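Shown next, in structure tokens, is the structure this report addresses.
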Amino acid sequence: MERTPINKHIVAHHNGHYLISADNGIISLVLGCDDTCKFFEIPNIEGHDPSETFVKIACLIANGNTLDQICPPIKNIMELKTVSPVVYASQIKGSIVYIDHYGNAISNIKRDIFEKIKAKHNSYSVRVSNMEIDRVYEAYSGFIDFSNPPRNIEIGSPIAIFNSEGFLEIAIYKGNEKTSGSARTLLGIDYGTNVYINFEV
């Protein structure tokens, strides 16, 4: 996500682990924002896009620099308040808790919950807003069959992935919030929209 005065980039330090992310509320879901968390704002690095900045900060940390040397500390970050998904023997019922500026919809369903239920079943499908998706991908690139010519890749297809924070995300392949449409505009997804993962033996 592009860094703006409203959307900061931050580093969170918790139990010896570091998490670099936009300040979009996802960190509050991942870490819970208890008293052991420390947060730092990543300064703007001229000439670097967000991914390059994140890599640079990660390298500085890996090389032994402390966060106090790299970034100024901050006390407050954006928090997302949400209930936990409901887990049944053959279904997970979650909801959309965040929509990013691309129109991608992030749910409160975490990968570890999904993997635990999936291990006991042979197949599954994701259902959201009357749309059924038969697979969850590890990344956006997993959706593309590189053995096929580019013209055979269906632009505008809905996809489900687990994002870098481990939450189930619904997106549109090559979607654009302002032009071709996004998960929000094409599927009618909004905050609070229910997401179901149904499992079959």
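Position 142, counted from 1, in the sequence shown is what our numbering calls 568; the numbers after and before it change by one each time, with no gaps.
Each residue gets a CB set at the ideal place from its N, CA and C atoms; glycine is no exception.
Keep in mind that this is a model prediction, so the values were computed, not measured.
- Assigned with DSSP and collapsed to three states, V481 falls in helix.
- Taking the C-beta atoms as reference points, V437 is found no nearer than 9 Å to K519.
- Judged by beta-carbon spacing, I522 lies beyond the 9 Å limit of T611, meaning their Cβ atoms are not closer than that value.
- With 16 or more other Cβ atoms inside 10 Å of its own Cβ, S608 counts as buried.
- Taking R553 as reference, the option from F625, H435, G601 and S477 with the minimal CA-CA separation is F625.
- In the structure shown, S447 adopts extended strand secondary structure according to DSSP, grouped into three states.
- Secondary structure at E580: coil, using DSSP grouped into helix, strand and coil.
- Sorting E564, Q517, N602 and I452 by C-alpha distance to the C-alpha of E505 places I452 at the top.
- In the structure shown, A488 falls within a helical segment according to DSSP collapsed to helix, strand and coil.
- A check of alpha carbon separations from D494 across H439, E564 and K434 identifies H439 as the nearest.
- DSSP places R561 in no beta strand (DSSP E); its state is neither H nor E.
- With 16 or more other CB atoms across the displayed protein chains lying within 10 angstroms of its CB, P584 is buried.
- In the DSSP assignment, I496 falls within the unbroken alpha helix (DSSP H) covering L493 to I496.
- For A438, there is no enclosing alpha helix (DSSP H); the enclosing beta strand (DSSP E) covers residues H435 to H440.
- The C-beta distance from I543 to V513 rounds to 7 Å, short enough to fall under 8 Å.
- Note on E558: under 16 other CB atoms within 10 angstroms of its CB, so exposed under the neighbour-count rule.
- The Cβ-Cβ distance between H547 and F480 does not fall below 9 Å.
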